[in-house]
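**Student:** One structure follows; several queries about it will come next.
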Amino acid sequence: MAVLKKTPTMVSIPNHFCPGCGHGILNRLIAEVIEEKGYEKKTIMTLGVGCSCNMNASWNGDKIQCAHGRGAATATGVKIARPDLLSIAYQGDGDAYVIGLAETLNAAYRNEPITVFVINNNNFAMTGGQMSWTTMPGQVTTTSVHGRDPALTGMPIRVPEFAATFPDVAYVARGSVHSAKEINRLRGYVKNAIEAQLNGEGYALVEVLCQCPTNWGMSVEKSIKWMEEEVAPYYTLGELKGRRK
Amino acid sequence: MRKMWKGNHAIAEAAMRAGCQFYAGYPITPQTEVSEYLSYRMPELGRRFLQAENEMAAVYMIFGAYACGMRSMTSSSGPGFSLKQEGIAYLCANNYPAVLVNVQRWGPGLGTLDSSQTDYLRDTRGGGNGDYRVIVYAPNSIQETVDLMYNAFDVAEKYRNPVEILSEAALGQMMEPVEFPPFKERTEDLGWTFDGTDRPHGRIDNPQKPDALRAKVAAITANEQRWENYRVEDADYVFVAFGLPSRTCRNAVDQLREQGVKVGLIRPITVWPFPYKAFEEIPDTVKGVISVESTDAGQLIEDVALAVKKMCPGNVPVYGLFSGQKIPKTKEIVAFFGGVRSGETKEVF
Amino acid sequence: MATLRISTERCKSCGYCILACPSKALRLSGQLNKEGYDYVANDESKCTKCGICYTVCPDNVFEILE
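Protein chains in written order, with this note's numbering: chain A, 5 to 249; chain B, 3 to 351; chain C, -7 to 58.
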């Protein structure tokens, strides 16, 4: 049976991500939900530094570019000034979990009524593929050329699990874009994270496992297979904290 | 009616009178009373106070809120203000207004809690990466602190540029009689701010370019220089001092004038833009200019020397009295002047 | 009758849709778009208009219209 699909206007401008990069999929899911809610002209997207900067050229809506790591703090300020608008921080793992770990966790801790999306592609992609706190054991990056050694650099960080322990936080989930099935699940997480803010329920965080074929040095086929077999088993997919009924 | 107010409480109340709707900050001595006061005062007025996790987060909260047009401010001191520099550079890069308060303490790194002016060069030169300037007011009394704060948001919004109040530890901690202006509020839309509709954000769509910065600096330099000259018109020697040292300096001028020595005082109120215009009044017969400042090795003196080069004919010597981590006493200034006059003390520039 | 619209100029030739298509209807066309990518083409006889290509495509190449 045919399922009608139309490109949302907020992603109607061609994006500047690399071929096969999963960012574009999350961009579209967010756009779909915003348009479903009728918030195209009532959303301010705060962009972190990293590949999310590419959205300056393609995200067809209001967007503020802040510094590396300060997305949650900036989105907090936006929400304080305009509580009537949807305030979203869109960041990568290096941005939100490494340099911006303090801002990310403190915004969650205070239960700021913002929605944070974090692309986790297991590396610092914009700067050319350096090791991130999310890099998998053994994964080769330009700063872990023999593969990440957890004995020296720690095991990959799981921030959503920690954020979910704060008592008041409204919604925390981790999705992935490595298959159509997971993308459809992720759409539900995106929707919950946005609805939680619109309903005044509090802070919401959705981490998204995302392929980075360019910096992983893999085809899309290999990338999604690696995500399914290696990454997703470590980074448990699903809702880590469901919305209160 | 004038009432006794502590400097840090007065600057916070003045911000409320000026229409500040949001404050974010992190505790650091000697400015913490700004946060403490606002933590209860702002909710009383239906406004937002937020104790941030660190200085950087505080400045980005202001960044986000002022991008949406909300009058917002943050405050800090010494090393805390250093941490804010990243965000201040981003404010300037995007042409966002903001109001910043630096209640200076002494020294690099942790430093001490002593009253000083050792942040002068950092704050008048931008302080972060790239080329930009912050408009910096340097009051010398609590009443003047209040009056400058009252206009700070208007000036910041006019030029789409951060405005800083450069206070000093003693000025923040001491008490003086103050009269507050009435509450005011900006109700009109600034036109460029973020409102979700993706309307044009003016200069933000075309990030800061060299020409744009030159034009902004030229306009601010032309319009915003503020100073107070005291007995300069016939002076043989002119002191230059801002903030608290300007008060002891003024006493020194009076004492020396009583002795028949013709001295005067230039007191910059804006330290950026530096008030070059104040130096027009210096007579061509001037024998020397003396920078008096609470720094260790001289900071204000660099601007004084440049101003003297530009405004005074001949090679007028520029001397420096650097009092380190305290305000120079009147008698120290008078004694220093004796050395200048006798030729014992050598010029710096 | 639904139709699959392919905005070939947006395609970056990543091949995710080809891997995901349950009907094996998609392939690279062998033609280059303006950006120089070998863009995707659809075999109408196999396509069921299920929309999975729309779901996985990072570049919004596909739309299914009435």
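Glycine is no exception: its CB is placed at the ideal position from the N, C-alpha and C atoms.
Going residue by residue through the segment 66 to 142 of chain A, where are the continuous beta strand (DSSP E) segments of at least 3 residues, counting only ones entirely within it?
**Tutor:** With a minimum length of 3 residues, the continuous beta strand (DSSP E) runs that stay inside the segment 66 to 142 of chain A are 66 to 69, 90 to 96, 119 to 124.
**Student:** Which partner residues of Thr47/A appear in the DSSP bridge assignment?
**Tutor:** DSSP output for Thr47/A lists Leu90/A as bridge partner(s).
**Student:** Evaluate Leu8/A with the Cβ neighbour count: other Cβ atoms within 10 Å of its Cβ, from every protein chain shown; 16 or more gives buried, anything less gives exposed.
**Tutor:** With fewer than 16 Cβ atoms within 10 Å of its Cβ, Leu8/A is classed as exposed.
**Student:** Only counting the same chain, and skipping five residues up and downstream in sequence, which positions put a Cβ closer than 6 Å to that of Gly322/B?
**Tutor:** Counting only Cβ-Cβ distances below 6 Å, and skipping sequence neighbours, we find Ser293, Gly300, Ile303, Val350.
**Student:** Can you have a look at Gln143/A and say buried or exposed, based on whether 16 or more other CB atoms are within 10 angstroms of its CB?
**Tutor:** It is buried - the Cβ of Gln143/A has at least 16 other Cβ atoms within 10 Å.
**Student:** Using beta carbons (cut-off 8 Å, strictly below), is Thr218/A in contact with chain C?
**Tutor:** So, not an interface residue.
**Student:** Does any C-beta atom of chain F lie closer than 8 Å to the C-beta of Asn52/C?
**Tutor:** Of the protein chains in the structure, A, B and C, none is chain F.
**Student:** Using a Cβ cut-off of 9 Å, which residues of the segment 58 to 92 of chain B contact any Cβ in chain A, in chain order?
**Tutor:** Against chain A - using a Cβ distance shorter than 9 Å - the residues of the segment 58 to 92 of chain B are Met58, Ala59, Ala60, Val61, Tyr62, Met63, Ile64, Phe65, Gly66, Ala67, Tyr68, Ala69, Cys70, Gly71, Met72, Ser74, Glu88, Gly89, Ala91, Tyr92.
**Student:** Thinking C-alpha only, which one of Glu36/A, Glu205/A, Ile38/A, Arg74/A is nearest Leu51/A?
**Tutor:** Cα-wise, what sits closest to Leu51/A is Arg74/A.
**Student:** Any C-beta of chain C within less than 7 Å: which residues of the segment 97 to 124 of chain A qualify?
**Tutor:** Those would be none; no residue qualifies.
**Student:** Who are the Cβ neighbours of Glu232/A in its own chain at under 8 Å, not counting the five residues just before and after it?
**Tutor:** Same-chain partners within the cutoff: His182, Ser183.
**Student:** Could you give the DSSP three-state label for Lys218/B: helix, strand or coil?
**Tutor:** If DSSP states are grouped into helix, strand and coil, Lys218/B belongs with the helices.
**Student:** Among Thr131/A, Gly192/A, Asn125/A, Met130/A, which one has its Cα closest to the Cα of Pro160/A?
**Tutor:** Among Thr131/A, Gly192/A, Asn125/A, Met130/A, the Cα nearest to that of Pro160/A is on Asn125/A.
**Student:** Taking the straight line between their C-alpha atoms, what separation do you get for Ile118/A and Asp97/A?
**Tutor:** Cα-Cα distance, rounded: 18 Å.
**Student:** Since Tyr62/B and Gly89/B are thought to touch, with beta carbons under 8 Å apart, how far apart are those beta carbons, to the nearest angstrom?
**Tutor:** Right, their Cβ atoms sit about 5 Å apart.
**Student:** Compare the C-beta of Thr146/A against all C-beta atoms of chain C and say whether one is closer than 8 Å.
**Tutor:** For Thr146/A, the answer is no, since every Cβ of chain C falls outside 8 Å of its Cβ.
**Student:** Quick check: what's the CA-CA separation for Ala168/A versus Leu115/B?
**Tutor:** Cα to Cα, Ala168/A sits roughly 40 Å from Leu115/B.
**Student:** For the alpha helix (DSSP H) that Gln175/B lies in, which residues bound it at each end?
**Tutor:** Note, Gln175/B: alpha helix (DSSP H), 171 to 175.
**Student:** Please name the residue or residues paired with Glu211/A in a DSSP beta bridge.
**Tutor:** Glu211/A pairs with Val122/A, Arg178/A.
**Student:** Output yes if chain B places a C-beta closer than 8 Å to the C-beta of Val269/A; else output no.
**Tutor:** Residue 269/A cannot be examined here, being either before or after the span of chain A that is shown, 5 to 249.
**Student:** With DSSP run on the structure shown, which of helix, strand or coil describes Asn96/B?
**Tutor:** It is coil, neither helix nor strand.
**Student:** Just to make sure I have the definition right: I need the residues of chain B whose C-beta is within less than 9 Å of the C-beta of Arg86/A. Which are they?
**Tutor:** Correct list: Ala67, Cys70, Gly71, Met72, Phe196, Asp197, Gly198.
**Student:** Nearest to Lys264/B by alpha carbon, out of Lys333/B, Arg343/B, Ser296/B?
**Tutor:** Minimum Cα distance to Lys264/B is reached at Arg343/B.
**Student:** Please decide whether Val82/A counts as near chain B, where near means a Cβ-Cβ distance under 8 Å.
**Tutor:** Interface residue, yes.
**Student:** Threshold first: 3 residues or longer. Then list the beta strand (DSSP E) segments lying entirely within the segment 128 to 174 of chain B, N to C.
**Tutor:** Counting whole runs of 3 or more residues, the segment 128 to 174 of chain B contains the beta strand (DSSP E) stretches 137 to 139, 164 to 170.
**Student:** Are the C-beta of Thr11/A and some C-beta of chain C separated by less than 8 Å?
**Tutor:** Closer than 8 Å to some Cβ of chain C, the Cβ of Thr11/A qualifies, so yes.
**Student:** Is the separation between the beta-carbon of Gly42/A and that of Pro217/A shorter than 8 Å?
**Tutor:** Their beta carbons are not under 8 Å apart, which means Gly42/A does not touch Pro217/A by this criterion.
**Student:** Out of Asp133/B, Val318/B, Phe182/B, Tyr39/B, point me to the one whose CA is closest to Pro212/B's CA.
**Tutor:** The shortest Cα separation from Pro212/B among Asp133/B, Val318/B, Phe182/B, Tyr39/B belongs to Asp133/B.
**Student:** Residues of chain A with CB closer than 9 Å to the CB of Glu55/B, please, in chain order.
**Tutor:** Under the 9 Å cutoff, chain A gives Ala77, Ala106, Glu107, Leu109, Asn110, Ala111, Tyr113, Arg114.
**Student:** Counting along the chain, where does the alpha helix (DSSP H) carrying Gly341/B start and finish?
**Tutor:** It spans 332 to 344 - the alpha helix (DSSP H) in which Gly341/B sits, taken as one unbroken run.
**Student:** Return the CA-CA distance between Thr138/A and Glu187/B, expressed in angstroms with no decimal places.
**Tutor:** Each residue's Cα considered, the two are about 47 Å apart.
**Student:** Can you give the Cα-Cα distance for Ile222/B and Val273/B, rounded to whole angstroms?
**Tutor:** Ile222/B and Val273/B: Cα-Cα distance of roughly 12 Å.
**Student:** Counting C-beta neighbours from all protein chains within 10 Å, is the total for Leu18/C 16 or more, i.e. buried, or is it exposed?
**Tutor:** Label assigned to Leu18/C: buried.
**Student:** With burial defined as no fewer than 16 other Cβ atoms inside 10 Å of the residue's Cβ, what is the status of Ala250/A: buried or exposed?
**Tutor:** Any question about residue 250/A goes unanswered here, given that chain A covers just 5 to 249.
**Student:** State the DSSP-derived secondary structure class of Gln257/B, mapped to helix, strand or coil.
**Tutor:** Gln257/B falls in the helix class under three-state DSSP.
**Student:** Report yes if the C-beta distance between Ser84/B and Ala171/B is below 8 Å; otherwise report no.
**Tutor:** Not closer than 8 Å, so no.
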